[in-house]
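J.:
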Amino acid sequence: MARPLSRRTLLRTAALAATATAVSAEAAGRAAAAPGPPGAAAAATSAAAAFTTVVPSTWTVRPFGLEDVTLGPGVFADKRHLMLDHARGYDVHRLLQVFRANAGLPTGGAVAPGGWEGLDGEANGNLRGHYTGHFLTMLAQAYRSTGEQVFADRIGTVVGALAEVREALRHAPAVLSVDGRFGRAAEQVRGSHQYVDLPAAVLGTAPALTLSAWVRPAHDAVWARVFDFGDDTTRYLYLAARNANGVPRFAVTASGPGGEQGLDGTAPLPLGEWSHLAVTLDGAAGTLYVDGTAVARNTSLTLTPASLGPLAHHWLGRSHFSGDPVFAGAFEEVDVFSRALTGAEITELADRRAADASTGRGDLASYSFDETSGGTFADASGRGLDATLRRTWGGPSHPGFLAAYPETQFIELESMTGSDYTRVWAPYYTAHKILRGLLDAHLATGDDRALDLASGLCDWMHARLSVLPAATLQRMWGLFSSGEFGGIVEAVCDLHTLTGRAEHLALARLFDLDRLIDACAANTDVLDGLHANQHIPVFTGLVRLHDETGEERYLTAAKNFWHMVVPHRMYGIGGTSSGEFWRARDVIAGTIGATTAETCCAYNMLKLSRTLFFHEQDPAYMDYYERALHNQVLGSKQDRPDAEKPLVTYFIGLSPGHVRDYTPKQGTTCCEGTGLESATKYQDSVYFAKADASALYVNLYSPSELTWSEKSVTVTQTTRFPEEQGSTLTIGGGPASFALLLRVPSWATGGFRVTVNGRAAPGTPVPGGYFGVRRTWRAGDTVRVLVPFRLRAERTPDDPTLQTLFLGPVNLVALDPSTEHLRCALYGNAGLSGDLLPSLTPVAGKPLHHTLDGVEFAPFAEGTEDPAHAYFRRSEPRVVFGTSDAGVANPARNDGVTLLDEIWAGAPFGSKDALVTRVRTTVADWVLAGLLSGTDGDRVVRTARNASYAA
4 MARPLSRRTL LRTAALAATA TAVSAEAAGR AAAAPGPPGA AAAATSAAAA
54 FTTVVPSTWT VRPFGLEDVT LGPGVFADKR HLMLDHARGY DVHRLLQVFR
104 ANAGLPTGGA VAPGGWEGLD GEANGNLRGH YTGHFLTMLA QAYRSTGEQV
154 FADRIGTVVG ALAEVREALR HAPAVLSVDG RFGRAAEQVR GSHQYVDLPA
204 AVLGTAPALT LSAWVRPAHD AVWARVFDFG DDTTRYLYLA ARNANGVPRF
254 AVTASGPGGE QGLDGTAPLP LGEWSHLAVT LDGAAGTLYV DGTAVARNTS
304 LTLTPASLGP LAHHWLGRSH FSGDPVFAGA FEEVDVFSRA LTGAEITELA
354 DRRAADASTG RGDLASYSFD ETSGGTFADA SGRGLDATLR RTWGGPSHPG
404 FLAAYPETQF IELESMTGSD YTRVWAPYYT AHKILRGLLD AHLATGDDRA
454 LDLASGLCDW MHARLSVLPA ATLQRMWGLF SSGEFGGIVE AVCDLHTLTG
504 RAEHLALARL FDLDRLIDAC AANTDVLDGL HANQHIPVFT GLVRLHDETG
554 EERYLTAAKN FWHMVVPHRM YGIGGTSSGE FWRARDVIAG TIGATTAETC
604 CAYNMLKLSR TLFFHEQDPA YMDYYERALH NQVLGSKQDR PDAEKPLVTY
654 FIGLSPGHVR DYTPKQGTTC CEGTGLESAT KYQDSVYFAK ADASALYVNL
704 YSPSELTWSE KSVTVTQTTR FPEEQGSTLT IGGGPASFAL LLRVPSWATG
754 GFRVTVNGRA APGTPVPGGY FGVRRTWRAG DTVRVLVPFR LRAERTPDDP
804 TLQTLFLGPV NLVALDPSTE HLRCALYGNA GLSGDLLPSL TPVAGKPLHH
854 TLDGVEFAPF AEGTEDPAHA YFRRSEPRVV FGTSDAGVAN PARNDGVTLL
904 DEIWAGAPFG SKDALVTRVR TTVADWVLAG LLSGTDGDRV VRTARNASYA
954 A
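The sequence shown begins at 4 in our numbering and counts up by one.
Spelled out as C-alpha cells, the structure:
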C-alpha cells in the first residue's frame, strides 16, 4: 500500500532543526508550544513542523523532544550507537511475519524472530506482537534523535504493513496461491489459524471410501490435521500429518481417543516437499498410502465413515481438539472417492493430477486449489460442494482490531478467574506496545495511517470493554500476568490528547484497578507479593489520567506509590523486584539473588519519575533518575555490536559473582523490548523547561547540546561526566532571560560550586536540590559546575553489614568470580571529609576503576560479562585511622553499628582536631556503656591523634 502523504509531510522542511510541535491536552487538535509560545507552535504545525510531542497543559515543567537534545561523545553516545546499528540492520519483515500470518497474508518467506515473538516461544508465543511495538518506538526515537531517513523509511514499512494487516482482518480470509506440484496450490501460513471448511455432504453414504491429498508440510508440529471429519472430540475420523511419533496417522472413532482404530505411517513426511497421502476404507479393511506406497494396513476395523452417521464438521487443516495446531503448509488436489481405490490407482494418483489419471476426479468431492483469489474453492466432482476458507476464530468483533494473534485471548480473559499465561498472556499489555509504537510513529513522522491504526485499536478496545460489568473488569485487571496491561492508560490518554474523543478518555478509565488505586491514595502499602512490572506503569497512567480528568486521587496514588518503592524496595543500582515480584518493605538484603532487578522495572520507574516531576519538582525524582540511568539502565546494555539481538539483560542478578545474561530466555522478551527504547532516548531528561519558559532545569550532567527554540538559545554541555567531576555549559544565541537551575545531587555533600564567566555564582548549594542562576544570558556565557565525588557505602536496611559502593553517582562492583560475599574494610584511610576513596587505589588508564586488597572495582554501567559483586560484606575488624592500627578490635553494638561507624557518622570534619574530638567523645560514651575498656579507649584516641589524614 502506498503511503498517503499527510499535510505535515507535504509541508515539512528538510531542516532537522524545524520547530517541534507540542499537542496540549487543553484542546485536542490545537497546538501549544512545549516549551514555546502559543502562536509559534501553531505556525510550526502549518508550515514546517518536523515532530510532535504530547504535552498536557497541567504540566508545570515540560520536556524537550529528543530532536532538541543532541548527545555528545561519551558512554551514552557509545551505547546508543550500538543500538542504532541494530535498528538499521534488523529485518523488520521478521517482526511483521506474525502479524501477516495472523491475517492470512503472504509473509515473503520471513522467519519470525522466535522467543516471545514466535509460536514456538514461551507460552506458545501468546505475547507475540509486543516486540514490534517496542521496535516501532525505537525507530521513532532514533529518527527524532538523528534525523536519518532510514529510520523514517523503516517506520513507513512497518506502519504500511500493519495497515494492510488490519484491512485483511476486516474481511473473510483469501487464498494464498503458491506454486504447487502440478499447478497452483493453497498455502496455509503457520499462525494464520485458517482452515478449509467442506460441505456436510462431502462423505456421502457410501460403505467404501478413498481420501486422497497432496500436501507440503511447512512445520513439524504433531497432530496437525490434513483432514478431520467429525462432531467433537468423541466421534470423528482424521488424517494427521504427524502423530506423537512424527509419522502420518489415520484414525476413526465413535468414543474418543481411547477408542481410535488407526493406521500409522513408518516415516515422517519431509518438510517443504510435496507428499501424496491416501486412505482407502472398504468394510473392515483400511490402508494408508504415502507417495503411492502402502505403509499401513488394518483388516480389523469395526468402524466406517458410514457407521459414524452424519457428521457436523468436515475440515481440511483443522482438528476438533482445540489444543492441536492448524496445519501449516500447502494443499493441492484433494479428492474424495465413493470406493476404495486399488493400490495401482493410488500409485497413479501419486504421479499425476486426478483429472489425468484413470480414476478421474473424486466423485464425492474434488478440489484442485487452482484459485488465485477469494476464499472459495470449486468442487469439480459435479456435486457442487464448493469449500470455503475460514478462520478458526471467526474474525474480529470490531474493524479496529489489530494483533498478531486471534481475538480469542481477549475473549477468554473476560471469563478467567485465575491466571494461566499459557492460555492468556497479557493481551492488553501487547495491545499497549502496539498502540504506543503507532503513536510514536505518528508523532515522529506525521504518518496519519499510524494515528488511524492507533485510534481504531482504541475504538475496538472501548467497544469490547465498555459493555463488561465493572466487577468483571476489576477481576480481569487483578489477575497476575493474564490481566497485565502495561502502560496502556498513558498511551490512551496521549491518544485522547490528539483526538479529543470522549470514547478514548472513557477507555482509559476502564482500566482503573480500584483496590490498588484506593490503597495507594490512602498511602497504604499493599505492594508485598505484587508483580512489580505489571503495576509500575499503571501509576504513570494514573498521572496522565489526572492530567485528563483533574481527579487528584490518581496523582496522589502515584506519588505515594513512588515513595513505597524508593527507597524501600530499591536496590543500589536503582532497580526493583526479586523474581519479578515485590517483597516486604525494607527487605533488600533478604531478596538479593540471581533474579533481582528486572530491567523493565527500571525503565518504567524512570518514566514514572519524570512524569511526576512534570507536576512536582521534587529533586528526589531526578536523584533516582540519575541513579537508575547511570547504573542499571546503562549496565543492562552489553558493550558490543550484534545485528540480530539488542543484547540487553532481563534480570540483573545482584548475587555475588553474578554474570549478566545479555541474551535472556529465548529472546524478544519484554526487557529486550524496553531495552530497545532505553538505549535510544538517553537524552530525554537531561533538560526540562518551566511551562512559562522562565527557567531551564539541568537535571543530568551529560555531554549534550540543547536547542531551545523558544528562547533562541543553545546550551552546550561539555563534560566527560562521570569520569569528570563536573561540567561546562556554554550559551549560544540569545540574549534571553531565564533561570538556569542546576541540580545538586543528594550525594554531592561537599564542594559543589558554580562559576559564571569565571566568577563564583552567589548562593549556597543544598545537596538534593537545585542551584539557581538567573540572568540575561548572551552568546559565549560559560557556566562551570564542579561536582566533587566521594566514595560512600550504602547499607541495606535489613542487614547493615551488607553494603554497596558508590563513587558519586557511579555504583562500583567488585570483579571477582567468588560466589560468596567479599569482605571489605574501608575506614583504614578515610579522609576528614568522610570520603572513603583514599582507602582504594586507582587503576592507571582505566577511569573509575580502583582496587581494594587486590580486588578490582569497576563501574556497574560497563556492559561486560565479568563475574561481579554489587554488594559486599562490610568488615572492619580493627580500629584503624589514617592507615595506623590502634591494636584494638572494633566493637559493635547489638544493632550492628560499630565504634568506627559512629565516629565516621560525624563526617565531614573541618579539621583533624574536630575528628579527634569526635573520637574522644564517642570513645567515652562506649566506655561508659561497657562496650570498650578504658585502656583500649585510650589507645583509640591516641592513634587518632597521631595519624595523618587525607582531606
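Every residue gets a Cβ at the ideal spot worked out from N, C-alpha and C, and that includes glycine.
DSSP on residue 945, reduced to helix/strand/coil?
T.: Residue 945 sits at position 942 when you count from the first residue of the sequence shown. Residue 945 falls in the helix class under three-state DSSP.
J.: Taking contact to mean 3 or more Cβ pairs, one atom from each stretch, closer than 8 angstroms, check whether the segment 133 to 152 and the segment 107 to 122 are in contact.
T.: Flag = yes, the segment 133 to 152 and the segment 107 to 122 touch.
J.: Could you check how far apart the C-beta atoms of residue 852 and residue 863 are, in whole angstroms? I think they sit under 8 angstroms.
T.: Indexing the sequence shown from 1 puts residue 852 at position 849. Indexing the sequence shown from 1 puts residue 863 at position 860. In fact, because the Cβ distance is near 12 angstroms, the residues do not count as touching under 8 angstroms.
J.: Quick check on the DSSP output: the alpha helix (DSSP H) that includes residue 679 runs from which residue to which?
T.: On the sequence shown, position 676 is the one that residue 679 refers to. Residues 673 to 681.
J.: Grouping DSSP H, G and I as helix and E and B as strand, with all else coil, what is residue 226?
T.: Taking the first residue of the sequence shown as position 1, residue 226 is located at position 223. Correct three-state label for residue 226: coil.
J.: In its own chain, which residues sit with a C-beta less than 7 angstroms from the C-beta of residue 377, not counting the 5 before and 5 after it?
T.: As a position in the sequence shown, residue 377 is number 374, starting the count at 1. Its chain contains 177, 178 as the residues whose beta carbon lies nearer than 7 angstroms to that of residue 377, once the 5 sequence neighbours on both sides are disregarded; these appear in chain order.
J.: By alpha-carbon positions, which one of 577, 265, 241, 594 ends up nearest to residue 584?
T.: The residue labelled residue 584 in the question sits at position 581 within the sequence shown. Answer by Cα proximity: 594.
J.: Relative to the alpha-carbon of residue 462, which residue among 480, 500, 507, 422 has its alpha-carbon at the smallest distance?
T.: Along the sequence shown, read from residue 1 onward, the residue named residue 462 stands at position 459. Looking at the Cα atoms, 507 is the closest of the given residues.
J.: Would the segment 748 to 755 count as touching the segment 871 to 890 if we require 3 or more Cβ pairs under 8 angstroms?
T.: no
J.: For residue 949, count neighbouring C-beta atoms within 10 Å of its own C-beta (all shown protein chains included) and say buried if the count is 16 or more, exposed if not.
T.: On the sequence shown, residue 949 is found 946 positions in, with the first residue counted as 1. Result: exposed.
J.: Pick from 271, 250, 235: whose alpha carbon is nearest that of residue 257?
T.: If you number the sequence shown from 1, residue 257 lands on position 254. Ranking 271, 250, 235 by Cα distance to residue 257 puts 235 first.
J.: Can you tell me the Cα-Cα spacing of residue 351 and residue 647, whole angstroms?
T.: Residue numbering aside, residue 351 sits at position 348 when the sequence shown is read from its first letter. Residue numbering aside, residue 647 sits at position 644 when the sequence shown is read from its first letter. Answer to the nearest angstrom: the Cα atoms are 47 angstroms apart.
J.: Could you name each continuous alpha helix (DSSP H) segment of 4 residues or more that falls completely within the segment 883 to 935, going from the start of the chain to the end?
T.: 902 to 907, 915 to 931
J.: Return the CA-CA distance between residue 230 and residue 322, expressed in angstroms with no decimal places.
T.: Taking the sequence shown and counting its residues from 1, the one referred to as residue 230 is at position 227. Taking the sequence shown and counting its residues from 1, the one referred to as residue 322 is at position 319. Whole-angstrom Cα-Cα distance: 8 angstroms.
J.: Might you give, ordered along the chain, the residues of its own chain that have their beta carbon closer than 7 angstroms to the beta carbon of residue 285, omitting 5 neighbours on each side?
T.: If you number the sequence shown from 1, residue 285 lands on position 282. Cβ neighbours of residue 285 beyond the five flanking positions: 211, 343.
J.: Return the residue from the list 680, 808, 128 that minimises the CA-CA distance to residue 84.
T.: In the sequence shown, counting from the first residue as 1, residue 84 sits at position 81. When each option's Cα is compared against that of residue 84, the closest is 680.
J.: Rounding to the nearest angstrom, what Cα-Cα distance links residue 124 and residue 954 in this structure?
T.: The residue given as residue 124 occupies position 121 in the sequence shown. The residue given as residue 954 occupies position 951 in the sequence shown. One C-alpha to the other measures close to 57 angstroms.
J.: For a cutoff of 8 angstroms on Cβ pairs, would you count residue 676 as touching chain D?
T.: Checking the listed chains, one finds no chain D in this structure; it contains a single protein chain.
J.: In terms of alpha-carbon separation, which member of 744, 597, 216, 266 lies closest to residue 255?
T.: Your numbering for residue 255 matches position 252 in the sequence shown. Measuring from the Cα of residue 255, the nearest candidate turns out to be 266.
J.: Taking the beta strand (DSSP E) that residue 66 belongs to, which residues open and close that run?
T.: By 1-based counting over the sequence shown, the position of residue 66 is 63. Segment 64 to 66, the beta strand (DSSP E) holding residue 66.
J.: Need the endpoints of the alpha helix (DSSP H) that residue 301 sits in, please.
T.: On the sequence shown, position 298 is the one that residue 301 refers to. Where residue 301 is concerned, there is no enclosing alpha helix (DSSP H), although the beta strand (DSSP E) it sits in stretches over 296 to 301.
J.: Check this for me: beta carbons of residue 598 and residue 639, under 8 angstroms apart or not?
T.: What you label residue 598 is simply residue 595 of the sequence shown in a count that begins at 1. What you label residue 639 is simply residue 636 of the sequence shown in a count that begins at 1. Their beta carbons are not under 8 angstroms apart, which means residue 598 does not touch residue 639 by this criterion.
J.: Going by beta-carbon coordinates alone, are residue 278 and residue 218 separated by less than 8 angstroms?
T.: Numbered from 1 along the sequence shown, position 275 holds the residue referred to as residue 278. Numbered from 1 along the sequence shown, position 215 holds the residue referred to as residue 218. For residue 278 and residue 218, yes; Cβs fall inside 8 angstroms.
J.: One question on the structure: do residue 716 and residue 868 come within less than 8 angstroms of each other, judged by their Cβ atoms?
T.: Within the sequence shown, residue 716 is the residue found at index 713, counting from 1. Within the sequence shown, residue 868 is the residue found at index 865, counting from 1. For residue 716 and residue 868, no; Cβs fall outside 8 angstroms.
J.: Put residue 3 into one of helix, strand or coil per three-state DSSP.
T.: Not covered by the structure: residue 3. The range shown for the chain is 4 to 954.
J.: Considering only the alpha carbon of each residue, which of 240, 929, 768, 92 lies closest to residue 790?
T.: Start at 1 with the first residue of the sequence shown, and residue 790 comes out as number 787. Comparing Cα positions, the closest option is 768.
J.: Between the C-alpha atoms of residue 698 and residue 887, what's the straight-line distance to the nearest angstrom?
T.: The residue labelled residue 698 in the question sits at position 695 within the sequence shown. The residue labelled residue 887 in the question sits at position 884 within the sequence shown. Computed Cα separation, rounded: 51 angstroms.
J.: Is it buried or exposed for residue 337, if we count other Cβ within 10 angstroms and need 16 for buried?
T.: Taking the sequence shown and counting its residues from 1, one reaches residue 337 at position 334. With 16 or more Cβ atoms within 10 Å of its Cβ, residue 337 is classed as buried.
J.: Below 8 angstroms on the Cβ atoms is my guess for residue 892 versus residue 880; work out the distance and round it to an integer in Å.
T.: What you label residue 892 is simply residue 889 of the sequence shown in a count that begins at 1. What you label residue 880 is simply residue 877 of the sequence shown in a count that begins at 1. The C-beta separation of residue 892 from residue 880 comes to about 7 angstroms, placing the pair in contact by the 8 angstroms criterion.
J.: Is residue 123 helix, strand or coil when you go by DSSP?
T.: Working through the sequence shown from its first residue, we reach residue 123 at position 120. Looking at residue 123 - three-state DSSP - the assignment turns out to be coil, as it is neither helix nor strand.
J.: Is the CB-CB distance between residue 834 and residue 841 below 8 angstroms?
T.: Taking the first residue of the sequence shown as 1, we reach residue 834 at position 831. Taking the first residue of the sequence shown as 1, we reach residue 841 at position 838. The answer is yes: Cβ separation under 8 angstroms.
J.: Which same chain residues, not among the five before or five after residue 925, have their C-beta less than 6 angstroms away from its C-beta?
T.: To locate residue 925, count along the sequence shown from 1; it is residue 922. Closer than 6 angstroms at Cβ, skipping near neighbours: 905, 906.
J.: If you compare alpha carbons, which of 380, 341, 373, 379 is closest to residue 363?
T.: Position 360 of the sequence shown, counting from 1, holds the residue named residue 363. Checking every option, the nearest Cα to that of residue 363 belongs to 341.
J.: Could you tell me which of 588, 658, 553 sits nearest to residue 564, measuring between CA atoms?
T.: As a first step, residue 564 must be located in the sequence shown, where it is residue number 561. Cα-wise, what sits closest to residue 564 is 588.
J.: Would the beta-carbon of residue 430 be found less than 7 angstroms away from any heavy atom of the ligand MG?
T.: Absence of the ligand MG from the depicted structure is noted, as is the absence of any ligand whatsoever, leaving it without description.
J.: Cutting at 6 angstroms between CB atoms, please list the residues of its own chain near residue 153, excluding the five before and the five after it.
T.: Position 150 of the sequence shown, counting from 1, holds the residue named residue 153. 91.
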